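Numbering (the working numbering), first residue to last: 46 to 512.
The structure appears right after this line, and notes come after that.
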């Protein structure tokens, strides 16, 4: 999992996988960029909103424009409401004495990583910075969304995703300072293959540690951190074991995303059962979901609001059954790897529909991983692998490029006209946020399906073959 993509791989499977690897990279980069401008962790804001005063004050301070109010507040809240003892010590010794410094590092890390992922420039160090940023965030108790960003970013690291339709691919063969630097920073970590079993064992021990702390943390702010870290550590341990046995790192990582998506589908049923614009429907009651969708209908764009009022709310019992059936079936199928391509495709369609309906927080984040599960997964630790079902990645039609651009631009323009208030909740901003998220999907699809991108991909493939 820590190794590079095989630079001599020129098979048709790799060529067809390239667009989907690039799609995941670009889409998660756009999500990170959205988070620091309008999202739940907004910092920069927009010209119409201004910067978040808890993060940035242009009048200046001890560390230029950076303000540590939010960092200090979150750290103190984590200590007051309960976190791991070792993390509390870290907060008191390292973070709280210099909140402005950590605010600056957080903003610069997010912004730099977002841009690097979008354009595919020095993707591996950008992904590594993002992972190192989010791991402490987990322990603040911000666990619902941060793993959903971390997992596809980790996939981008394993896949060396900037080599696909990114600047890294263009610079890889350049015999200049920037080309050599690009090859150096995107090189595999200096970890020998024989170390993988030991690293897998360490990851397994870490997972057991977090598993054993679940009862202790059940009444604290970080009550779900232990669960998420257990799952993530287990996926790392399993992935390292498969790679040590000679499996291809990218497809192993894709199957890790498959398992994670299935797990999160089921978690939204079993653990987080309350519906909302920041959740997936799961098995929530008719009454609860009626309340959620009634609020979304008021805030959504007129056509979707009317659809919810005329077609969703009067038949909410049927929608609840459909949500429960799809989410449960797809979650289980992805978890065990049964008919992965079908289950993953249904997951992508389902998450797109939820986003369009106004469930705009979790659905786009899970989508970033689901697109990988739908196109590249099913080869390892799956019933499909046992049965010998190994489908090739689907081809991306070049005809999708222009329509996708047109729709994406229209959606972004609509969101700009309506405006997004980052201080309002996701339910209140369901309409414009849904337009932005759908636009991200359309524009990303256009980027990886355009004829220019195909020519770039062929040049990158030739470069890889010459290595």
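Think of the CB as a built atom: it goes at the ideal place given N, C-alpha and C, for glycine as much as any other residue.
No experiment lies behind these values; they were computed from the predicted model shown.
- When DSSP assignments are scanned along the segment 85–142, the uninterrupted stretches of beta strand (DSSP E) that are 3 or more residues long and fall wholly within it turn out to be 101–106 and 109–111.
- Annotated three-state conformation of residue 343 is helix, per DSSP.
- A distance of 8 Å or more separates the beta carbons of residue 202 and residue 229.
- In the same chain as residue 258, and ignoring 5 residues on each side of it, the C-beta atoms closer than 7 Å to its own belong to 271, in chain order.
- One thing to note: residue 345 has its Cβ within 8 Å of the Cβ of residue 476.
- A Cβ-Cβ contact shorter than 8 Å links residue 494 with residue 445.
- Judged by DSSP in its simplified three-state form, residue 216 adopts helix.
- Residue 148 and residue 413 have their C-alpha atoms spaced approximately 26 Å apart.
- Considering only 393, 72 and 422, the residue with the shortest C-alpha distance to residue 382 is 422.
- With the rule of 3 Cβ pairs closer than 8 Å, the segment 209–218 counts as touching the segment 162–169.
- Restricting attention to 300, 407, 182 and 336, the CA atom closest to the CA of residue 324 is found in 407.
- For residue 244, the enclosing alpha helix (DSSP H) begins and ends at 241–262.
- Within the same chain, 154 come within 6 Å of residue 178 by CB-CB distance, once the 5 residues on both sides are set aside.
- Here residue 246 is exposed, its C-beta having fewer than 16 other C-beta atoms within 10 Å.
- In this structure, residue 85 keeps its C-beta atom at 8 Å or more from the C-beta atom of residue 227.
- Judged by DSSP secondary structure, residue 221 falls outside any alpha helix (DSSP H); it is assigned neither H nor E.
- A contact between stretches requires three or more CB pairs, one per stretch, nearer than 8 Å, and the segment 276–295 fails this requirement with the segment 389–409.
- Residue 388 sits close to residue 379, with the two beta carbons spaced by under 8 Å.
- Rounded to the nearest whole angstrom, the CA to CA distance from residue 302 to residue 419 is 10 Å.
- For residue 489, the closest of 60, 61, 68 and 93 by C-alpha to C-alpha distance is 68.
- By the Cβ-count criterion, residue 70 is buried, with 16 or more other Cβ atoms from all chains shown falling within 10 Å of its own Cβ.
- With fewer than 16 other Cβ atoms from the protein chains shown falling within 10 Å of its own Cβ, residue 447 counts as exposed.
- From the listed residues 264, 278 and 436, the smallest Cα separation to residue 61 is found for 436.
- Per DSSP, reduced to three states, the secondary structure at residue 185 is coil, with no helix or strand assignment.
- Across the set 200, 334 and 260, the C-alpha of 200 shows the shortest separation from the C-alpha of residue 294.
- A buried status is given to residue 87, since no fewer than 16 other beta-carbon atoms sit within 10 Å of its beta-carbon.
- Listed in chain order, the alpha helix (DSSP H) runs fully inside the segment 281–325 are 294–315, counting runs of at least 4 residues.
- Boundaries of the alpha helix (DSSP H) harbouring residue 402: 385–402, taken from the DSSP string.
- Out of 76, 140 and 144, the CA that lies nearest to the CA of residue 163 is found in 76.
- CA-to-CA, the gap between residue 314 and residue 74 works out to about 28 Å.
- Annotation: residue 457 to residue 124 spans about 40 Å, alpha carbon to alpha carbon.
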